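Its first residue numbered 138, the sequence shown is counted upward by one per residue in the numbering used here.
Ideal placement from N, C-alpha and C gives every residue a C-beta, glycine not left out.
The model shown is predicted, which means the values in this text are computed figures rather than measured ones.
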Amino acid sequence: METWDKKIGIAKTSVKRQTRFIISIIMLLALYQSIPVSGESYTLLGSVKDFNGNPLSNVAVTIYDSSGAFITKIWTLVNGGFAISLDRGTYRIQLEKKGYEGKTITVSLNRPSVDLGEIILDFSPKVSISQTYLKVESFSEVSIPVSMENKGSEEETVTILVEAPEGWEAGVYSGSAEIVNLTLSRGSVQNLNLKIKIPYNAQGVYNLKIRVLGSIIQEKTVSLYVEKKSLQILTSTYPVAQAQPGSTVVFDLTVRNVLSERLTGTISLGLPAGWTGSVVKSDGSVLYGVSLGSSESVNIKAKINVPLDAAPGSYEVTILFKTKDFDSTFPLTVIVVKGSPRLRLRTDTPYVDAYAGGAATYPIEVENTGDSDGVVSISITGLPSGYNWVVKDSSGSVVSKLYVKAGETRKLNVVVSIPPLAEPDVLSIVLEASANGSFDRLNLGLGILGWYSVAYMTQNFYCETTAGETIVFQVEVKNTGYSSLSNLKLDVSDAPSGFNIKVDPSLVSLLKPQENVVFSLTITSDADISAGDYYATLSLKADQSQAATRSLHIYVKQRGEVMLIGALIVIIMVGAMLLIYRRYGRR
């Protein structure tokens, strides 16, 4: 009985020990799951790019743990990417490169691979211009706010350059001081102004470029649409007067300073040949120039002496006010009369079609049905900029004015020259004739026909390749016409068997006059194709025109390993023949 009890006690003790052992193992396993295992590897990936999406290499990637302790530092590769293996945990990633803003990212590594994706670093110092397109007047000054902020980790010194059109004054200022070199400490911001002084003769769209040269080069463009400012310095209530030959005409004029500063300039007369005149003060003394404060004005007179032999007609006299910065003119008209001509314009061809780069001719008749001779002035309105016109008499001579006797009819040709780059269009123009108060007009139409042409600029259509390889052959073409081409494409036909030829781009939607485009032909040959000459046909076509076809000559060379095998076979055969000859040849 004692022996049985001892066995039971020993068994109970053994069970208790096994139970405690199992519990200890479970607790150790639980503790193991809660503690990071130093041997496990977690990968951190990322790619760093600039503001324009370009990869950034040599960016310092510094890694700190959650307590701020330094772990390691690596640098990005040429493609902007980086990768590093770390223990499981939370880290602070700091990215730095001179010329770019610094950036800090906190990441938790709780899975085998964590990809931070694309990380964008903006430029530093960062140049900000809020106003990049303005509508202004000529002969004015403009101030545009410019902000520069250093978001990088180091002090930056930059040089600021402004590229402006010829005759303009422009610079970046801090107050009244122009800034050329600027030093920005880390985190600092400088608020500056781009000041622009626009000359009087400016008109249209102009671009100014601000270049900031530092660790990197930044460029900003400001566009200004400049409207011509009308500086009406000279005015007259009655700028047209009628006079007889040998008489004197007096015009009353006012000179007014419309600027915000003092205006000083000279005054002179522009007269027809043989005419005389002068500008005088109110007391009759000759006036050569004035100096007026802002908003001040003075009254003057222009005395015009009409020659005794002046023919009837309309004459223009110009009053010129000239300063060091600009000229201001005011036209006066003197109509010399002896009677009253009456003009009539006629044509049988009021509408003419002509090609861009050519000329349109309108046969015109000018009839004077009045009772006085007249000197006829002819003008055309409605023609766009770039178009020219002349008037020719029946002998083909160019005339600016025409003397038409009473009851006479003169035949003329009005020739309108069309610019080579004019697009197809229909224009409505007006021909006007005037003489001694008589006036007539004629409505004309001009149809512009486009001239289309496309040509190959590539001269040599030959290329070489090896069987099984891929090469790229480029074909350059040009719009040699005067109008835009649409849907231009290069087609490949009759491609040899065993070749795959792809064209990029497959379609050019629009090619402007005199512009070029390059088509890239990717040519792939089969590995088992025979060496030799092959040909493919190239066709260049657009909606409006097409060029002659070209034959692309492709020469295929045999692969090097094939030639080597062939050479080895020849060597083996020669060796075999030598062995045979040595053994059996002498018998």
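{"Check": "DSSP three-state assignment for Arg-719, whether helix, strand or coil", "Outcome": "helix"}
{"Check": "C-beta atoms of Gly-786 and Phe-260 nearer than 8 Å", "Outcome": "Only positions 138 to 724 of the chain appear in this structure, which leaves residue 786 out of reach."}
{"Check": "Three-way DSSP call (helix, strand, coil) for Ala-493 in this model", "Outcome": "coil"}
{"Check": "Cβ contact (3+ pairs, closer than 8 Å) linking the region 312-329 and the region 282-292", "Outcome": "yes"}
{"Check": "Inside the region 267-295 only - beta strand (DSSP E) runs reaching at least 3 residues", "Outcome": "270-274, 278-286"}
{"Check": "Alpha-carbon spacing of Ile-709 relative to Thr-180, whole angstroms", "Outcome": "56 Å"}
{"Check": "The region 432-448 in contact with the region 328-338 per 3-pair CB rule at 8 Å", "Outcome": "no"}
{"Check": "Beta carbon of Ser-682 nearer than 8 Å to that of Tyr-619", "Outcome": "no"}
{"Check": "Bridge-paired residues (DSSP) for Glu-364", "Outcome": "Glu-274"}
{"Check": "In chain order, each beta strand (DSSP E) run of at least 3 residues that lies wholly inside the region 429-497", "Outcome": "434-442, 450-459, 464-473, 480-483, 488-492"}
{"Check": "Through-space distance from Ile-638 to Gly-176, alpha-carbon basis", "Outcome": "Reliability of the predicted coordinates at Gly-176 is poor, the pLDDT of 49 falling under 50, and the value obtained from them is presented with this limitation in mind. Near 54 Å, if we compare the C-alpha coordinates of Ile-638 and Gly-176."}
{"Check": "Buried or exposed (CB count within 10 angstroms, at least 16 for buried), Leu-345", "Outcome": "buried"}
{"Check": "Unbroken stretches of the beta strand (DSSP E), 3 residues or longer, contained in the region 655-689", "Outcome": "669-678"}
{"Check": "Sub-8 Å separation of Val-552 and Ala-496 beta-carbons", "Outcome": "yes"}
{"Check": "Beta-carbon gap between Tyr-310 and Asn-330 smaller than 8 Å", "Outcome": "yes"}
{"Check": "Rounded separation between Leu-361 and Leu-579 - CA only", "Outcome": "39 Å"}
{"Check": "Residues near Thr-460 in its chain [Cβ-Cβ closer than 6 Å; skip 5 each side]", "Outcome": "Gly-402"}
{"Check": "Other residues of its chain near Gln-170: CB distance less than 8 Å, five sequence neighbours each side excluded", "Outcome": "Note that Gln-170 scores a pLDDT of 31, beneath 50, so its modelled location is shaky; the value from the coordinates is reported in the next line. Correct list: empty, nothing qualifies."}
{"Check": "Chain-order list of residues whose beta-carbon lies under 8 Å from that of Tyr-672 (same chain, five-residue window excluded)", "Outcome": "Asp-631, Pro-633, Ser-688, Leu-689, His-690, Ile-691"}
{"Check": "Counted within 10 angstroms of its Cβ, other Cβ atoms place Leu-581 as buried (16 or more) or exposed", "Outcome": "buried"}
{"Check": "Simplified DSSP assignment, three categories, for Ile-335", "Outcome": "coil"}
{"Check": "Contact belief for Lys-542 with Ser-531 at Cβ below 8 Å, rounded distance in angstroms", "Outcome": "Not confirmed; about 15 Å, so no contact."}
{"Check": "Residue-chain proximity (Ala-679, chain C), Cβ-Cβ < 8 Å", "Outcome": "Within the model displayed, chain C is absent; a lone protein chain is all it includes."}
{"Check": "C-alpha gap between Ile-472 and Glu-545, whole angstroms", "Outcome": "21 Å"}
{"Check": "Assumed close pair Thr-607, Thr-659 - CB separation to whole angstroms, cut-off 8 Å", "Outcome": "6 Å"}
{"Check": "Simplified DSSP assignment, three categories, for Ile-316", "Outcome": "coil"}
{"Check": "Backbone CA spacing between Ile-145 and Thr-227 [nearest angstrom]", "Outcome": "With a pLDDT of 34 at Ile-145, under the threshold of 50, the predicted position of this residue should be treated as unreliable, and no value is reported."}
{"Check": "Contacts around Ser-676, its chain only, beta-carbon distance under 6 Å, and the 5 residues preceding and following it disregarded", "Outcome": "Asp-628, Thr-686"}
{"Check": "Top-ranked residue by Cα proximity to Gly-324, from Leu-429, Phe-207, Glu-286", "Outcome": "Glu-286"}
{"Check": "Euclidean distance between Cα positions of Ile-159 and Leu-232", "Outcome": "Its pLDDT being 40, under 50, Ile-159 is placed unreliably by the model, and nothing is read from it."}
{"Check": "Short Cβ contact (8 Å threshold) for Ser-277 with Lys-366", "Outcome": "yes"}
{"Check": "Where the beta strand (DSSP E) through Ser-405 begins and ends", "Outcome": "400-407"}
{"Check": "Ser-161 in three-state terms, based on DSSP", "Outcome": "Note on Ser-161: pLDDT 38, under 50, position unreliable in the model; no value is reported."}
{"Check": "8 Å contact criterion, which Pro-478 and Asn-573 should meet: CB distance rounded", "Outcome": "5 Å"}
{"Check": "Residues that Gln-381 bridges to, as DSSP identifies them", "Outcome": "For Gln-381, which the question treats as bridged, DSSP gives no partner whatsoever."}
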